[in-house]
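S.K.: First the structure, then my questions, so here it is.
Protein chains: 2
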Amino acid sequence: MAEDLNERGRKILEAIIEDYIVSAEPVGSRAMTRRHPLSLSPATVRNVMADLEEMGYIISPHTSSGRVPTEKGYRFYVDSLLQTRHLSREEQLQIEQHYRLKSLRVEDLLQEAGKALSAISNYTGLVMAPRFTATIFRHIEFIRLSQGRILAVFVTRSGLVQNKLIEHDNDLSHAELEQIGNYLTRTLGGLTIQQVRAHIVSEMGQEKALYDKLLQRALRLSQEALSDEPGNQIFIEGTTNILDQPEFADVDRMKRLFRAFEQKSQLVELLDRAQQARGVQIFIGSESEYSDIEGCSLVTAAYSNRRGTLGTLGVIGPSRMPYAMVIPIVDYTARLVSQLLDAEEN
Amino acid sequence: MAEDLNERGRKILEAIIEDYIVSAEPVGSRAMTRRHPLSLSPATVRNVMADLEEMGYIISPHTSSGRVPTEKGYRFYVDSLLQTRHLSREEQLQIEQHYRLKSLRVEDLLQEAGKALSAISNYTGLVMAPRFTATIFRHIEFIRLSQGRILAVFVTRSGLVQNKLIEHDNDLSHAELEQIGNYLTRTLGGLTIQQVRAHIVSEMGQEKALYDKLLQRALRLSQEALSDEPGNQIFIEGTTNILDQPEFADVDRMKRLFRAFEQKSQLVELLDRAQQARGVQIFIGSESEYSDIEGCSLVTAAYSNRRGTLGTLGVIGPSRMPYAMVIPIVDYTARLVSQLLDAEEN
DNA sequence: GGTTAGCACTCAGGTCCCAAGAGTGCTAAG
DNA sequence: CTTAGCACTCTTGGGACCTGAGTGCTAACC
């Protein structure tokens, strides 16, 4: 497909998309030649446009209107036409500014990243917290709340706190619980939650475990505490930004998008998918396969520490989005967050 | 004001408001007499309507249209006309159903309450978590994350977990931190956070504290850990419900409302104000003094345990809201949540 | 042969006007 | 005091009309 596009076709497609990105109006041949110094007449541009339309890169909403990029058009633009410029030092500083003077708790950092993304891009910022199973276990504490009700509190090495309520038949004393917590923290600290789980399973399988009452209880409790995965946490910030986009004057479309924000599961799934890839990943329109966010694009990048990928962050907005600006912002933010998280672990 | 309204005036005002609540259209004299068996002619109703308009209970959007209730009209309706019916046993069961088979963590319970409120009322559910300072301290733990960075984790008696990062100059060992945590948990458990704070301040003022190294450190750490109030946590559930209301076909109004949802601070302030009152509290339109939620009403009730009020929950929707249905739902939910929280503390 | 000017055609959107319908206020009779 | 009647107002929806932007096609041009 792409190879039948000659230099002129590409230039014109690029011009159409860039005009459309700023104006949100169908781009006509005449207006375009006026705005871009292509030294081509409108008639010629029209011919090229007809070709582009045939190839599926653009479409006209009705017979006598200008052209609008299709998803395929955006995809080609993003893959082949766009050159992502680097951020200037000032722009970088502007982003970094959002992370100054803040408490350094991981949750806060991630939420702040979401807010910063939305504020800088003027779209909605998304940040998915690290997968619980992949985080490194640091500390566990069992606290007796009342007869039979025990609260398990885990802390990961990065300082993320999770807790779970356990109902337990035989009442364990404060001292016993403390002993159990200490034992688990001592023996399992430094492993990932996933490894901890595996360890527990293998220990429980061994006969010897049954002879040691404390160990037995510790295993039972910790297994229960880690039994179900907490849903992947996601921060969605700046949802109202997106309301200023002309494409959401249509109330119905807006409703669907906000429903997706409220449910979160679709976005979690998308960000999870994006986590596999290196660098900036872009979903355009129906590529996401969720009709609720139809007409929207997602620009994402994974963040990581020295041990590997932790989570994903990004921006969601209408497909008519200034990718040339958003991509480096997301990219730089992911690097920055990675760096800050790494620094915390020193 | 109210006393110049005779029985007939009240009946008609009630009919107007109830019609308007279901139709969202200005109510005319003719249509109204058809719908309500008042045995009055439209002309008479018109006369009464003119009086009601003069008194400020209703208003007509333009000269030749029906009447719409004013805020004053709603206020009078809620205060004097409306008789809140009790929920039937089935309705109660329907509400209770939302709380079955769920984990019993306090946060989860509160969030669930918000979801239930929104699902049952078809508006947006709000739940403000208990004020941190008023909750009862149960356990504190200091975990050393890295050189100079300590994570303080508190647990309240009801099982609410909070954490805070502390930067500390002199490096404390794992054993020291454990000792300090144990000491604080032992001596301060059972007090409210507020009392804990006061206690720390008074202890630090006493000379003797300076001689005991451990105590000194414990106080210093705990003071820092409790130094700043975490913002009041609020759960806002079912925001998209509200989009189906015809009053939010106006995109601009919707934007403002969602901005209020995103910022949360206005809602927190309102719910906080409502916490003082007993029973169901209602804010109609500009009574809330926030223009972002203009045209909206808030129906709230405080929930509590045996020791006193904990927080507030409620529903927000357009002022054109079936109060007769929403009020008992909010009321019953508050009772139910109170009961469930009390049961947990046993 | 690619490029361009010219031309006829299409369509959305704004404006104007009109008719219908719902509602009002006023007046006079019951 | 209540109500029937009437003239009047105002919104809403539809239709007619115009304008402007844009298109596709054809024929001339370089």
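Respectively, the protein sequence lines represent chains S and E. Note that the numbering used here numbers the first sequence so that position 22 is 22, with each residue one more than the last. Note that the numbering used here numbers the second sequence so that position 18 is 364, with each residue one more than the last. Glycine included, each C-beta is placed from N, C-alpha and C at the ideal position.
#1: Quick check: the Cα distance between Gly355 (chain E) and Ile539 (chain E), rounded to an integer number of angstroms?
#2: Listed from N- to C-terminal order along the chain, which residues in the segment 517-542 of chain E have their beta-carbon within a distance smaller than 7 Å of any beta-carbon of chain S?
#3: Please work out which residues of its chain come closer than 7 Å, Cβ to Cβ, to Arg46 (chain S), disregarding the five sequence neighbours upstream and downstream, and give them in chain order.
#4: From the DSSP output, read off the bridge partner residues of His514 (chain E).
#5: Are the Cβ atoms of Leu38 (chain S) and Leu13 (chain S) separated by less than 7 Å?
#6: Nearest CA to the CA of Ser643 (chain E): which residue from E:Ser406, E:Ser411 and E:Val424?
#7: Would a check of beta-carbon distances place His444 (chain E) closer than 7 Å to chain S?
#8: Just to confirm, is the Cβ distance from Ala134 (chain S) to Gly311 (chain S) under 7 Å?
#9: Between which two residues does the beta strand (DSSP E) carrying Val645 (chain E) extend?
#10: Identify, in the order they occur along the chain, each residue of the same chain with its Cβ nearer than 7 Å to the Cβ of Leu110 (chain S), setting aside the five sequence neighbours on each side.
#11: Label Met347 (chain E) either buried or exposed according to how many other C-beta atoms from any shown protein chain fall within 10 Å of its C-beta, with 16 as the threshold for buried.
#12: When burial is assigned at 16 or more other CB atoms within 10 Å of the CB, is Thr33 (chain S) buried or exposed?
#13: Whole-angstrom Cβ separation of Val155 (chain S) and Ile143 (chain S), contact assumed at under 8 Å?
#14: Using a Cβ-Cβ cut-off of 7 Å (strictly less than) and excluding sequence neighbours within five positions of Ile180 (chain S), which residues of its own chain qualify?
#15: With a CB to CB cut of under 6 Å and the five nearest residues on each side skipped, what residues in its chain are close to Gly66 (chain S)?
#16: For Arg487 (chain E), report the span of its beta strand (DSSP E) as first-last.
#17: Does the distance from the C-beta atom of Val330 (chain S) to that of Val268 (chain S) stay below 7 Å?
#18: Would Glu522 (chain E) and Thr240 (chain S) qualify as a contact pair, given that the criterion is a beta-carbon distance under 7 Å?
#19: Could you compute how far the alpha carbon of Leu687 (chain E) sits from the alpha carbon of His168 (chain S)?
#20: Span of the beta strand (DSSP E) holding Pro664 (chain E)?
#21: In this structure, how does DSSP classify Glu583 (chain E) when only helix, strand and coil are distinguished?
#22: Check this for me: beta carbons of Arg357 (chain S) and Asp228 (chain S), under 7 Å apart or not?
#23: Hey, Gly159 (chain S) and Val201 (chain S): beta-carbon distance below 7 Å or not?
#24: Quick check on this structure: which residue in S:Val315, S:Ala324, S:Val337 and S:Gln97 has the alpha carbon closest to the alpha carbon of Tyr123 (chain S)?
#25: For Ala348 (chain E), which three-state DSSP category applies?
#26: Between which two residues does the alpha helix (DSSP H) carrying Thr185 (chain S) extend?
#27: Name, please, each residue of chain S whose Cβ falls closer than 8 Å to the Cβ of Ala498 (chain E).
#28: Since Leu530 (chain E) and Leu511 (chain E) are thought to touch, with beta carbons under 8 Å apart, how far apart are those beta carbons, to the nearest angstrom?
#29: Tell me, which residues are paired with Arg149 (chain S) by DSSP?
#30: Nearest-angstrom Cα distance between Tyr20 (chain S) and Lys461 (chain E)?
#31: Hey, Tyr669 (chain E) and Ile441 (chain E) are a contact pair by Cβ (cut 8 Å); roughly how many whole angstroms apart?
#32: State the start and end residues of the unbroken beta strand (DSSP E) segment that holds Thr416 (chain E).
#33: Whole angstroms is fine: what's the gap from Leu117 (chain S)'s alpha carbon to Gly125 (chain S)'s?
#34: Should Lys255 (chain S) be flagged as near chain E, meaning a C-beta pair shorter than 7 Å?
M.R.: On the basis of the supplied data:
#1: Translated into the one-based positions of the second sequence, residue 355 (chain E) becomes position 9. Translated into the one-based positions of the second sequence, residue 539 (chain E) becomes position 193. Approximately 53 Å between the Cα atoms of the pair.
#2: Answer set for the segment 517-542 of chain E: empty.
#3: In the first sequence, the residue the question calls residue 46 (chain S) occupies position 46. The answer, listed in chain order, is Ser29.
#4: Taking the first residue of the second sequence as 1, we reach residue 514 (chain E) at position 168. Note: His514 (chain E) sits in no beta bridge, so no partner.
#5: Within the first sequence, residue 38 (chain S) is the residue found at index 38, counting from 1. Within the first sequence, residue 13 (chain S) is the residue found at index 13, counting from 1. When the beta-carbon positions are compared, Leu38 (chain S) and Leu13 (chain S) stay at least 7 Å from each other.
#6: Reading the second sequence from its first residue, position 297 is the one you call residue 643 (chain E). The shortest Cα separation from Ser643 (chain E) among E:Ser406, E:Ser411 and E:Val424 belongs to E:Val424.
#7: Along the second sequence, one-based indexing puts residue 444 (chain E) at 98. So, not an interface residue.
#8: One-based indexing of the first sequence puts residue 134 (chain S) at position 134. One-based indexing of the first sequence puts residue 311 (chain S) at position 311. Between Ala134 (chain S) and Gly311 (chain S), the C-beta gap is not smaller than 7 Å, which leaves the two residues out of contact.
#9: For the purposes of this step, residue 645 (chain E) is identified with residue 299 of the second sequence, where counting begins at 1. From DSSP, the beta strand (DSSP E) with Val645 (chain E) extends over Cys642 to Asn651.
#10: For the purposes of this step, residue 110 (chain S) is taken as the residue at position 110 of the first sequence. Listed in chain order, the non-local C-beta contacts of Leu110 (chain S) below 7 Å within the same chain comprise Val127, Ala129 and Phe235, local neighbours out to five positions each way being set aside.
#11: Within the second sequence, numbered from 1, the residue matching residue 347 (chain E) stands at position 1. Summary for Met347 (chain E): the model assigns pLDDT 45, below 50, so the residue's position carries little reliability, and this model does not support an answer.
#12: Taking the first residue of the first sequence as position 1, residue 33 (chain S) is located at position 33. Thr33 (chain S) counts as buried, since at least 16 other C-beta atoms from the protein chains shown sit within 10 angstroms of its C-beta.
#13: Residue numbering aside, residue 155 (chain S) sits at position 155 when the first sequence is read from its first letter. Residue numbering aside, residue 143 (chain S) sits at position 143 when the first sequence is read from its first letter. The Cβ separation is near 13 Å, so there is no contact.
#14: The sequence position of residue 180 (chain S) within the first sequence is 180, counting from 1. Hits under 7 Å: Phe142, Leu214, Arg217, Ala218 and Leu221.
#15: In the first sequence, the residue the question calls residue 66 (chain S) occupies position 66. Contacts found: Pro26, Val27 and Gly28.
#16: Start at 1 with the first residue of the second sequence, and residue 487 (chain E) comes out as number 141. Checking the sequence shown, residue 487 (chain E) turns out to be Glu, not Arg. Residues Phe483 to Ser492.
#17: Taking the first sequence and counting its residues from 1, one reaches residue 330 (chain S) at position 330. Taking the first sequence and counting its residues from 1, one reaches residue 268 (chain S) at position 268. With contacts defined by Cβ atoms closer than 7 Å, Val330 (chain S) and Val268 (chain S) do not form a contacting pair.
#18: For the purposes of this step, residue 522 (chain E) is taken as the residue at position 176 of the second sequence. For the purposes of this step, residue 240 (chain S) is taken as the residue at position 240 of the first sequence. The beta carbons of Glu522 (chain E) and Thr240 (chain S) sit no closer together than 7 Å.
#19: Here residue 687 (chain E) corresponds to residue number 341 of the second sequence, with the count starting at 1. Here residue 168 (chain S) corresponds to residue number 168 of the first sequence, with the count starting at 1. Distance between the alpha carbons of Leu687 (chain E) and His168 (chain S): 19 Å.
#20: Position 318 of the second sequence, counted from the start, is the residue given in the question as residue 664 (chain E). Its beta strand (DSSP E) spans residues Gly654 to Pro664.
#21: Translated into positions along the second sequence, residue 583 (chain E) becomes position 237. Of the three classes helix, strand and coil, the one that applies to Glu583 (chain E) here is strand, per DSSP.
#22: Residue coverage of chain S in this structure runs from 1 to 346, which leaves residue 357 (chain S) outside it and unanswerable.
#23: Position 159 of the first sequence, counting from 1, holds the residue named residue 159 (chain S). Position 201 of the first sequence, counting from 1, holds the residue named residue 201 (chain S). The criterion of a C-beta distance shorter than 7 Å is not satisfied by Gly159 (chain S) and Val201 (chain S).
#24: One-based indexing of the first sequence puts residue 123 (chain S) at position 123. For Tyr123 (chain S), the nearest C-alpha among the options comes from S:Val315.
#25: Within the second sequence, numbered from 1, the residue matching residue 348 (chain E) stands at position 2. Its pLDDT being 45, under 50, Ala348 (chain E) is placed unreliably in this model, and the value from its coordinates should be taken loosely. Collapsing the DSSP output to three states places Ala348 (chain E) in a helix.
#26: Along the first sequence, one-based indexing puts residue 185 (chain S) at 185. Annotation for Thr185 (chain S): the continuous alpha helix (DSSP H) segment containing it runs His174 to Leu188.
#27: Translated into the one-based positions of the second sequence, residue 498 (chain E) becomes position 152. The premise fails here: Ala498 (chain E) is roughly 10 Å from chain S at the closest Cβ pair, so nothing lies under 8 Å.
#28: Position 184 of the second sequence, counting from 1, holds the residue named residue 530 (chain E). Position 165 of the second sequence, counting from 1, holds the residue named residue 511 (chain E). Going by Cβ atoms, the distance from Leu530 (chain E) to Leu511 (chain E) rounds to 17 Å, so no, they are not a contact pair.
#29: Translated into positions along the first sequence, residue 149 (chain S) becomes position 149. DSSP, once it has assigned bridges, lists S:Ser146 and S:Glu167 as partnering Arg149 (chain S).
#30: Reading the first sequence from its first residue, position 20 is the one you call residue 20 (chain S). Reading the second sequence from its first residue, position 115 is the one you call residue 461 (chain E). Counting only the Cα atoms, Lys461 (chain E) lies some 40 Å from Tyr20 (chain S).
#31: Within the second sequence, residue 669 (chain E) is the residue found at index 323, counting from 1. Within the second sequence, residue 441 (chain E) is the residue found at index 95, counting from 1. The C-beta distance from Tyr669 (chain E) to Ile441 (chain E) rounds to 17 Å, too long to fall under 8 Å, and the pair is not in contact.
#32: Reading the second sequence from its first residue, position 70 is the one you call residue 416 (chain E). DSSP places Thr416 (chain E) in no beta strand (DSSP E); its state is neither H nor E.
#33: In the first sequence, residue 117 (chain S) corresponds to position 117, counting from 1. In the first sequence, residue 125 (chain S) corresponds to position 125, counting from 1. Approximately 5 Å between the Cα atoms of the pair.
#34: In the first sequence, residue 255 (chain S) corresponds to position 255, counting from 1. For Lys255 (chain S), the answer is yes, since a Cβ of chain E falls inside 7 Å of its Cβ.
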